[in-house]
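> If you read the sequence shown in the numbering used here, its first letter stands for residue 49, the second for the next number, and so on. All C-beta atoms in this analysis are idealised placements derived from N, C-alpha and C, irrespective of residue type, glycine included.
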Amino acid sequence: MAQPRIALAHRGPRSGGRWGRGYRWRAPPGAHHLDTPAAVLAVVLLEMAVGGSALLWWAPTWGAVRHGYEMLLGTTLGLMALAAWAASRGPLAELSLAVDAPAIRVTSAGVLVTATATFLAVAVLVLRHPGVARALGSLGTAAGIATLVALAQVRGAAAGAGPTWRGVAELLAGTYFLGAVWNGMVLGHWYLVERRLSNRYMVWMAWVNVGAVGAGLASVLLSATNPVPCAGLEGRALALCRLRYSPLLSVGSVTVMMGAGLIVVIALIAAFNVKLAREGGRSIQASTGMFYLAVILAPAAEFAAKVRFF
């Protein structure tokens, strides 16, 4: 029988009281706690923060666009990393009670370092030290990538799906995918601030998003090798699991088909963006509107992929 993918809770006695008050939930030995919506949310937010950070500090826009763009984008990415840290605290803390793995501590600290370095980079940029800001931002990006590797190791320590190398591949694919989409949307808005900015940067970003479509598809297809949510559970355990996720997500390849379908739509958007970015002028605004749709669809596709990650 397949190994349960959620912690099967049982009651442990506590001082007096009735069901729900006199008892507390305890996880049995060997169970893990990462197969939760909070953990999936943390993964998606971290991917977007790290991918966006890499494109922020090392894109051709650096030095060509006003630094207000980096300040705005860096602030949003720092907030995403901070939200990822907040969402991951509970699942990682519970897992650390059942599994003693250094990767758990590295993951928790790494997410916080990523957020802190990004905020510091923005602050230094406000003080007009772009070189130092870029170095700090790059440090945050490196910390984020290292955190993704540690997260893949955490999946293995928690008896999750697949080897570490495949987990790293899944995470890096999603990182490129989400980071490119988010940065493209923000850059499109920045053209409303710098109206004389050359369209070459938007063209570059549009082609980056064409590549991101391939990365997003790879993320979804790699997830097909992982078990569906609630796999291997029966009876009451299955009912408890389905309180966390929609029952539809545990049916066959629904998540894979959902993610792949969204990727197809995003691919059409990416193709339109290349054409609109090349036209320049008011077409940049139309391209930005397309990126709005992509920003809505891309996280949904990645959620569909990463719901099977653990």
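1. Count the CB pairs spanning the stretch 93-107 and the stretch 222-229 that are closer than 8 angstroms, and state whether there are at least three.
2. Just the Cα atoms here: how many angstroms apart are L345 and V304?
3. Quick check: the stretch 263-277 against the stretch 332-342, are there 3 or more CB pairs under 8 angstroms?
4. Is there at least one Cβ from chain C nearer than 8 angstroms to D148's Cβ?
5. In terms of residue numbering, what span does the alpha helix (DSSP H) encompassing N247 cover?
6. By the three-class DSSP mapping on this structure, what secondary structure does W110 have?
7. Are there three or more Cβ pairs, one per stretch, closer than 8 angstroms when the stretch 323-335 is compared with the stretch 268-276?
8. List the endpoints of the continuous alpha helix (DSSP H) containing S301.
9. Anyone know if the C-beta pair for P150 and L82 falls short of 8 angstroms?
10. Would you identify the three-state DSSP class for G60, choosing helix, strand or coil?
11. On the three-pair Cβ rule with 8 angstroms, is the stretch 175-193 touching the stretch 230-242?
12. Is the stretch 214-223 touching the stretch 194-201, taking contact as three or more C-beta pairs under 8 angstroms?
13. Starting from F167, follow the alpha helix (DSSP H) in both directions and report where the run begins and ends.
14. Would you identify the three-state DSSP class for L240, choosing helix, strand or coil?
15. Give a yes or no on contact between the stretch 143-162 and the stretch 105-122, applying the rule of three or more CB pairs nearer than 8 angstroms.
In short:
1. Yes, they touch.
2. So the two alpha carbons sit approximately 14 angstroms from each other.
3. By the criterion of at least three beta-carbon pairs nearer than 8 angstroms, the stretch 263-277 is not in contact with the stretch 332-342.
4. This model lacks chain C altogether; it includes just one protein chain.
5. No alpha helix (DSSP H) holds N247; DSSP gives it neither H nor E.
6. Coil.
7. Under the Cβ criterion (8 angstroms, minimum of three pairs), the stretch 323-335 does not count as touching the stretch 268-276.
8. Going by DSSP, S301 is part of no alpha helix (DSSP H) at all; its letter is neither H nor E.
9. No.
10. Caution applies to G60, whose pLDDT of 37 falls short of 50 and renders its modelled position unreliable; the model cannot decide the point.
11. As far as the Cβ criterion goes, the stretch 175-193 does not touch the stretch 230-242, which means the pair count is below three.
12. Result yes; three or more Cβ-Cβ pairs closer than 8 angstroms.
13. Counted as a single uninterrupted DSSP element, the alpha helix (DSSP H) harbouring F167 occupies residues 150-174.
14. Reduced to three states, the DSSP call for L240 is coil.
15. No: fewer than three Cβ pairs fall under 8 angstroms.
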